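Undergrad:
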Amino acid sequence: MTTWLDEEWTVLPEHAQLGQAAADAYVRLRRRGEDDMGSVVLAVASELLRPELSAAFRASFTDPFEVSNKLVETVMLRDGCDVCCTSPSDKDRIQRVNEMMMSSSSSSS
Numbered sequence: 006m007t008t009w010l011d012e013e014w015t016v017l018p019e020h021a022q023l024g025q026a027a028a029d030a031y032v033r034l035r036r037r038g039e040d041d042m043g044s045v046v047l048a049v050a051s052e053l054l055r056p057e058l059s060a061a062f063r064a065s066f067t068d069p070f071e072v073s074n075k076l077v078e079t080v081m082l083r084d085g086c087d088v089c090c091t092s093p094s095d096k097d098r099i100q101r102v103n104e105m106m107m108s109s110s111s112s113s114s
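First residue of the sequence shown? That's 6 in the working numbering, and the numbers climb one at a time after it.
1. Using a 10 Å radius around the Cβ and a threshold of 16 neighbouring Cβ atoms, would you call proline 56 buried or exposed?
2. Within the stretch 50 to 111, note down every full alpha helix (DSSP H) run reaching 4 residues or more, in order along the chain.
3. Under the rule that 16 or more other beta-carbon atoms within 10 Å means buried, what is serine 110, buried or exposed?
4. What separation, rounded to the nearest whole angstrom, lies between the Cα atoms of serine 51 and proline 69?
5. How is aspartate 29 classed by DSSP in three states: helix, strand or coil?
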């Protein structure tokens, strides 16, 4: 999410905070057994409405629902699903992030 926010707007330190908060919310929901992506979008957005994130959202020119929606789109694209309203740059970004993660995990082993 941080990469998407940085590339969609501009690089800001708040993007890392929002990306981490979205990832944490997603993991919590999935561990609780939530697998309906529509419900995940709404639940992650609800968790991102926390007051401590409001300044980060103001700085980033985005909102909890937009971040939550992009998170679920990204997960679905990574899983090979057809997703409405995405662009080739979304798939390219996922591939680049996956490659970065693979290379960083290889170098740390």
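Glycine included, C-beta positions come from ideal geometry on N, C-alpha and C.
This structure is a prediction, so every number in the text was calculated from the model and none was measured.
TA: So, to answer that:
1. Locating residue 56 in the sequence shown gives position 51, where the first residue counts as 1. So proline 56 counts as exposed.
2. 59 to 65 and 69 to 83
3. Within the sequence shown, numbered from 1, the residue matching residue 110 stands at position 105. By the 10 Å Cβ count, serine 110 comes out exposed.
4. Reading the sequence shown from its first residue, position 46 is the one you call residue 51. Reading the sequence shown from its first residue, position 64 is the one you call residue 69. One C-alpha to the other measures close to 7 angstroms.
5. Mapped onto the sequence shown, residue 29 falls at position 24. Three-state result, aspartate 29: helix.
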